[in-house]
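Student: Reading the sequence shown from the start, the letters are residues 1 to 222 in full-length UniProt numbering.
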Amino acid sequence: MKTFTRIEVANTMKDTGLVPLFYHEDAEIVSQVVKACYDGGARLFEFTARGAFAHEVFSELRKFCSEHCPEMILGVGSVTDAAAASLYMQMGAQFIVTPVFREDIAIVCNRRKVLWSPGCGTLTEISKAEELGCEIVKLFPGDIYGPGFVKAIKGPCPWTSIMPTGGVEPTEENITAWFHAGVTCVGMGSKLITKELIKNKDFKLLTANVQNAINIIKSIKG
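1) Looking only at its chain, what residues have a beta carbon closer than 6 Å to the beta carbon of V79, apart from the 5 residues adjacent to it on each side?
2) Could you tell me whether the Cβ atoms of I198 and I7 are closer together than 8 Å?
3) Using three-state DSSP, classify G75 as helix, strand or coil.
4) Can you name the start and end residues of the alpha helix (DSSP H) that S86 belongs to?
5) Would you tell me roughly how many angstroms separate the C-alpha atoms of A36 and L206, rounded to the nearest one?
6) Could you tell me the alpha carbon to alpha carbon distance between E25 and G51, rounded to whole angstroms?
7) Pick helix, strand or coil for F45, following the three-state DSSP scheme.
8) How many angstroms separate the CA atom of residue 250 from the CA atom of K154?
9) Buried or exposed: which applies to A49, given that a residue is buried once 16 or more other Cβ atoms fall within 10 Å of its Cβ?
10) With a floor of 3 residues, list each beta strand (DSSP E) that falls wholly inside the region 84 to 138, ordered by position along the chain.
11) According to the Cβ coordinates, are L139 and P164 closer than 8 Å?
12) Excluding the 5 residues preceding and the 5 following F179 in the sequence, name in chain order all residues of the same chain whose CB lies nearer than 6 Å to its CB.
13) Do you know whose CA, among S31, N110 and A42, lies nearest F58's CA?
14) Quick check: what's the CA-CA separation for L21 versus F64?
15) Tell me the DSSP secondary structure of L21 in three-state form.
16) So Q137 and S161 are in contact, right, with Cβ under 8 Å, and what is the actual spacing, rounded?
17) Quick one, which of N209, K128, V33 and V150 has its alpha-carbon nearest E172's?
18) Straight-line CA distance for V34 to G167?
19) Quick one: grab the DSSP three-state call for T16.
20) When you compare the CB positions of residue 223 and F4, do they come within less than 8 Å of one another, or not?
21) Select from A93, G77, H55 and A83 the residue whose C-alpha is nearest the C-alpha of V66.
22) Could you give the distance in angstroms between the alpha-carbon of I217 and the alpha-carbon of F47?
23) Measure the C-alpha to C-alpha separation of G182 and P147 and round it to an integer number of angstroms.
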């Protein structure tokens, strides 16, 4: 599988504007979800490592992507400590996403020059993360803070790059509100990869939904 630098990862986040995220204990289902997103134009995917033996699922997913999605930048989310971050980087994770801001994770990721995106909820947390080299901050939970929070942050700190995650919807209205507020990209989970879609294994619909979301983002950016 191709290796990407953290600057390449950050630029891809900025260029495509979308990071789908998903977890399932069945590696086959996760693989089909990633392939559907890839076919829809996504070039980043966050595997949210939330279950027992999630690292084994990720191992299978990485092998699948090496053969079927060679340009996919595969990262791992829901990482809560440096040990887990190190494990997933050793297994080939190209970026690390966390629900909280932790300096120990920043240190191990910076040591390997891997992009890390910490979950932050205050301007102080965001500023501290940037002091430790964070390129793109995760705003979490996004639906609680809303686009207005992003706009307020970008006023005094226009250099800050933000990725809201949690409750972001694949609709023109919602996506437009976020990008007009000044986000760099958005993370989409259950609103994009719905339980019903997974139950029906309607991966063609997922491809279409991803493609539609990316097209909306492109039109907003002009």
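Even glycine gets a Cβ: it sits at the ideal position worked out from N, Cα and C.
Quantities reported herein were computed from a predicted structural model and do not represent experimental measurements.
Tutor: This is what the structure holds:
1) A85, I96 and T98
2) no
3) strand
4) A82 to Q90
5) 6 Å
6) 7 Å
7) strand
8) Because residue 250 is not part of the residues shown, which for the chain are 1 to 222, the question remains open.
9) buried
10) 95 to 98 and 115 to 120
11) yes
12) I220
13) S31
14) 17 Å
15) strand
16) Residue identity differs from the one stated: residue 137 is Val in this sequence, not Gln. Contact flag correct, Cβ pair sits at about 7 Å.
17) N209
18) 20 Å
19) helix
20) An answer regarding residue 223 cannot be provided, because it is not within the stretch 1 to 222 covered by the chain.
21) Here the sequence assigns Ser to residue 66, which means Val is not the residue at that position. Of A93, G77, H55 and A83, the residue nearest in Cα terms is A93.
22) 22 Å
23) 8 Å
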